[in-house]
Structure formats: C-alpha cells, structure tokens
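Our numbering puts the first residue of the sequence shown at 743, with every later residue one more than the last.
Even for Gly, the Cβ is constructed at its ideal location relative to N, Cα and C.
Working notes, beginning with the structure itself.
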Amino acid sequence: MFKQVRWRLALALATLVGLVMVILIALISRSTCINDPACVSKSLWWATAVLIVLVVLFACLLSTRLTTSLNQMIYTATQISAGKTPPRIVPTSQSEVGESVRAFNQMVDYLRERIDTLDAENQQFSLVLDNMADGVLITDENGYVVLINPTAERLLNAKESGAIGNSFASVVRHHELISLWQRCRERGREQVAAVEIGRSLFLQAFVTPFVQQGVRAHLIILQDLTQVRHLQTVRRDFVSNVSHELRTPLASLRAVIETLQDGAHKDPFLAQRFLGRAEREVDTLTQMVEELLELSRIESRQVPLRLAETAVSDLICIPIERLRPQADRNQVTLTLDIQKNLPPVLADVERMQQVVTNLLHNAIKFTPIGGTVTIKAGQGLSNTRLLPEVIISVRDTGIGITSEDLPRIFERFYKSDRARTRGQSGTGLGLAIARHLVEAHNGRIWVKSKAGKGSTFFFSLPISQ
C-alpha cells in the first residue's frame, strides 16, 4: 500500500517537472533571447528556481495531508494505550492513506469492543468478589497479599489499604491460618482446617496453590461457620434439654406407678394422693407437647394471625387481672403505667395477650416476696425501620439474669440458672413462643438485666396506619 503511495508521489513529481520543463522550453523558444547564451542561462536559472519552489510547495502540501492522518493515528494509539476511548478518525480522501485510516478505525473499533468486554467482565468479577459470603485472599509466591475482598477484611479485621502488599502473616495475625498457608506451600496441595478466632468467630479455611503466568500463588477462602456452629450447639442443647424436661415427669410417674404396685393402691387416701401426683405430671407432659406443637406451627407460619386495630390497654389489662391472684399469693405488687393517648396497634389480640401473660408470669415467678412488677406502655421509634411503634415493657425486682444467659434467653428449652436455682417449674418454651409471635407481628423483643438487680423485658408493635 505504501509502495503505491511512493509510486504516486514519484509520478506526480515527474509530471510536475515535465510540465515546468515544457513551459520553460515554450517560453524560451518564443523569447527574443533564444540566440543569446547568457539570456538562455538566466532563463534556465529562473525556471529552476520556480521548479524548486513548486516542488517544495507540492511536497509541503502532500506531507501535510499525510502527517495529519498519521498524527491522528499516533494520537489515537496513545489514547488507547492509556485506557481511553478517543473518537474515530475521519478519512480525508479515498487514497491509500484514507484506506489506511479506515483500516486503523476498524482496528480501533475492535480494540474498543475488546476493552469494553474486558471492563464488563472485570466489573462482574469485582461485583461477585465484593458480594461473596466467603472471604477471599490471594498471595504471591513470597506470601504477600495481592487481593482481598471485603468479607475477608471483615473476618480478619483488616483493611484493603493495609493488606495489599503486606505479608499474609501480618494481615491474618493468627498462627493456625499461617501454619495452614505454610503447609500448603511446602506440600503443594490444598489444605483445609477449621479455625476458631477468638470466642465469637469460627472459620473453615481452604488454602489452594495455583500457577499464574508461570508464577506460583495461593488462594485462601474463609467460610464463616459461626452461625452453623451456633445452630449445632442449639440442636445439641435442645436434645439435652428435651431429655432433661422429659426425664423428670417420667421418673415421677414411674415412682408413682411403682409405689401403687407395692400396695399403696389398697389405701384409698394414698392412692388418691399418688394418682393426683401422676395427673400433675401428665399435665406437665401434655403442656410441653402442646407448646412444642404450637412453637412448631408458629415457626413454620402455620398459625394465621387475626390482625386488627387494637387499643394497647386491651392487650395488657386482661393478662394483669388473670395473673393478679398469682401475684397476691407470692406477695408481689403489680403496677400499670400506660402513656395517655397511645395510638392503636395492629395486632392479634389473643396472641399478644399470650405474650404479655408469659412475660408477667415469669416476672411474678422470679420476684421475691415484697417485690414489684411494673408494666409500662409508651410510644417509641424503631431503631431499624425508623417508624413509630408502641413499646411494652415488663420490669421486675427479681434475681435478674446473668450476662452469660442473656444471649440465649429466647431459645427454646433454655433455662437460665435462676430457674434451676429456685427450682421453678416450666417447659422453657414460653419465651421462644413469645419471640416468634412478636416477630410475626413485625415487632421486636429484647431484654435488659443484671444478676441480682431484676430484669426488664421489652417488645414492640407497629402502630396501625
């Protein structure tokens, strides 16, 4: 192509020179000094000067046209190498230079398409990496971190700016993870281990070697299994607690049966006494089974809620009157404090009365003689949804709950030490049922307590709009 350009330039120059020579010969032949050598020589010099000027002008014109397109192509190539997307070059002619510009534009279009594709793939990769539930790190052959995602930063309490370029050991700061990485490097195959960081984080770590562009590197994946481990603990405790709760009434029933078999049934008074005891144990087992079934239905959302606009007093007053005899027997004072002009809430009256009854029953049960249980209701603001809500609280002056028991107080069958210490009976399902019922109403339930200083249980309900 450029060979054709050179031939065209040579042909144009030859044509220009020939044209000038023809004009010069014609002028000399017509002039009066054709027989004068000095005059002819002078004319030739002038003709040569004119020819040189014309050739220079012609060359400048051609070079300007050529260099303009070439400069545009050089500028475009520089912009592309810098990662920018310059506009297309407009061809100035239909010549070979114009064809070169059009071919260059096609190449630029292809490169721009490839760059856009790579950018889109890179954005997708970054999006996936940033939103992965697992932590991801990549280290080079020498153990320096070259990539870390936000989940890994959170799990390791590190920041990307402080992790990239630093050693893996200084970023993770945990001897088990460091040892796992070193074993993978030495053995050249994937290493897996369960790692516990502190008391609240349990990780499954995978360290895998790979080769990238001839250089060895390591991929580290951190799976947060804290919740899974917590569920395993809850399941184990659930089985243990169910066994414990069933063992006591079953052992009591067995003792009653053996006593009756040994001849107590012959004494009407003793028989009636032991049969009454057996009936109470059967009632305990029946209550436990019923509460388990109810909790299962609530958790699986098989219990329909009959939501209606309800006054807060309707949720509180009936449970208070129902439990006042129990409070009087325990010599516990019940007080009620409802904020005036409270807006109605959207609730299932029967279910919410069940929640209040459960909280009141526990408060009375764990408050010593002469103590006080206070029920309050007032308007508040949700911390998460920033919507108005009604907050109901039940505060007692009882023995309180230890800080170790507080996180698990709403788990089914979980009983705090205060229940076992005082020998109070109960299935351990009431607070679990209360939590699920409140959450089914889009409410919240929580507790504040200190051992020896009483407890306050709160729950919220959204205001009816």
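Inset, instruction - Leaving aside the five residues before and after residue 925 along the sequence, list all residues of the same chain whose C-beta is less than 6 Å from its C-beta, in chain order. - result: So the list reads 933, once near-sequence residues are dropped.
Legend entry - Proximal residues to residue 815 (C-beta, below 6 Å), its chain only, five neighbours per side dropped: The residues are 846.
Inset, instruction - Kindly list the residues whose CB is nearer than 6 Å to the CB of residue 1223, restricted to its own chain and excluding five residues on each side of it in sequence; keep chain order. - result: Since the first and last residues shown for the chain are 743 and 1207, residue 1223 lies out of range.
Legend entry - C-alpha distance - residue 1162 paired with residue 1140, whole-angstrom precision: For residue 1162, the predicted structure reports a pLDDT of 45, less than 50, and the residue's modelled location is therefore unreliable. The matter cannot be settled from this model.
Inset, instruction - Examine the Cβ distances between the stretch 1177-1195 and the stretch 1077-1096 and report whether three or more of them are shorter than 8 Å. - result: Yes: at least three Cβ pairs fall under 8 Å.
Inset, instruction - Identify, in the order they occur along the chain, each residue of the same chain with its Cβ nearer than 6 Å to the Cβ of residue 946, setting aside the five sequence neighbours on each side. - result: The residues are 936, 965 and 967.
Inset, instruction - Could I get the ranges of all uninterrupted beta strand (DSSP E) runs contained in the stretch 1051-1116, with 3 residues as the minimum, in chain order? - result: 1075-1080 and 1087-1089, all fully within the stretch 1051-1116.
Inset, instruction - Can you grab the Cα-Cα spacing for the pair residue 1165 / residue 973, in whole Å? - result: Model confidence at residue 1165 stands at a pLDDT of 47, short of 50, so the residue's coordinates are unreliable and nothing is read from them.
Inset, instruction - Would you mind reading off the limits of the alpha helix (DSSP H) that contains residue 910? - result: Its alpha helix (DSSP H) spans residues 910-914.
Legend entry - Terminal residues of the beta strand (DSSP E) in which residue 966 lies: For residue 966, the enclosing beta strand (DSSP E) has its first and last residue at 957-966.
Inset, instruction - Would you kindly check if the distance between the Cβ of residue 1193 and the Cβ of residue 1116 is under 8 Å? - result: No. Outside cutoff.
Legend entry - Opening and closing residue of the beta strand (DSSP E) in which residue 932 lies: For residue 932, no beta strand (DSSP E) run applies, since DSSP gives it neither H nor E.
Legend entry - Own chain partners of residue 1190 with C-beta closer than 8 Å, once the 5 adjacent residues on each side are dropped: Beyond the five residues adjoining it in sequence on each side, residue 1190 comes within less than 8 Å, by CB distance, of 1197, 1198 and 1200 in the same chain, given in chain order.
Inset, instruction - Pull up the distance between the alpha-carbon of residue 1067 and that of residue 1103, whole angstroms please. - result: Between the alpha carbons of residue 1067 and residue 1103 lies a distance of about 11 Å.
Legend entry - Beta carbon of residue 1016 nearer than 8 Å to that of residue 1002: Their beta carbons are under 8 Å apart, which means residue 1016 touches residue 1002 by this criterion.
Legend entry - Beta bridge counterpart(s) of residue 1188 as assigned by DSSP: Residue 1188 pairs with 1200.
Legend entry - Continuous beta strand (DSSP E) stretch holding residue 1143: start and end: Residue 1143 -> no beta strand (DSSP E), and no H or E assigned at all.
Legend entry - For residue 1013 and residue 1007, the rounded distance between their alpha carbons: Cα to Cα, residue 1007 sits roughly 5 Å from residue 1013.
Legend entry - Local conformation of residue 1037 per DSSP, three classes: Correct three-state label for residue 1037: helix.
Legend entry - Spatially closest choice to residue 1022 from 906, 1035 and 994, by CA coordinates: Closest in C-alpha terms to residue 1022, from the list 906, 1035 and 994, comes 994.
Inset, instruction - Using the Cα positions of residue 1058 and residue 1172, report the straight-line distance between them to the nearest angstrom. - result: Looking at the two C-alpha atoms, the distance is approximately 17 Å.
Inset, instruction - Would you identify the three-state DSSP class for residue 1008, choosing helix, strand or coil? - result: Residue 1008 falls in the helix class under three-state DSSP.
Legend entry - Reduced DSSP category for residue 991 - H, G, I as helix; E, B as strand; rest coil: Helix, per DSSP.
Legend entry - Chain-order list of residues whose beta-carbon lies under 6 Å from that of residue 1176 (same chain, five-residue window excluded): Leaving aside the five residues that flank residue 1176 on each side, the residues in its chain whose CB is nearer than 6 Å to its CB run, in chain order, 1097 and 1100.
Inset, instruction - Determine the contact status of residue 878 and residue 963, defining contact as a CB-CB distance below 8 Å. - result: When the beta-carbon positions are compared, residue 878 and residue 963 come within less than 8 Å of each other.
Legend entry - Stretch pair the stretch 1071-1079 + the stretch 1019-1037: three plus CB contacts closer than 8 Å: Output reads no: the stretch 1019-1037 does not touch the stretch 1071-1079.
Legend entry - Which of helix, strand or coil DSSP assigns to residue 1177: The DSSP-derived three-state label of residue 1177 is helix.
Inset, instruction - Could you have a look at residue 942 and say whether DSSP puts it in helix, strand or coil? - result: Coil.
Legend entry - Simplified DSSP state of residue 1153, which is helix, strand or coil: Residue state, collapsed to three classes: coil.
Inset, instruction - Let me know the secondary structure DSSP gives residue 842 once reduced to three states. - result: In the three-state scheme derived from DSSP, where H, G and I count as helix and E and B as strand, residue 842 is classed as helix.
Legend entry - Spatially closest choice to residue 1133 from 1070, 1203, 885 and 1113, by CA coordinates: Nearest of 1070, 1203, 885 and 1113 to residue 1133, Cα basis: 1203.
Inset, instruction - My understanding is that residue 1088 touches residue 1051, with C-beta atoms under 8 Å, so please give their C-beta distance in whole angstroms. - result: Contact flag correct, Cβ pair sits at about 6 Å.
Legend entry - As assigned by DSSP and simplified to three states, the class of residue 1194: Assigned with DSSP and collapsed to three states, residue 1194 falls in coil, not helix or strand.
Legend entry - Bridge-paired residues (DSSP) for residue 1001: Note: residue 1001 is not bridge-paired with any residue in the DSSP secondary-structure output.
Legend entry - Supposed contact pair residue 887 and residue 908 - C-beta distance, whole angstroms, cut 8 Å: The Cβ separation is near 6 Å, so the contact holds.
Inset, instruction - Report yes if the C-beta distance between residue 1138 and residue 1105 is below 8 Å; otherwise report no. - result: Yes. Within cutoff.
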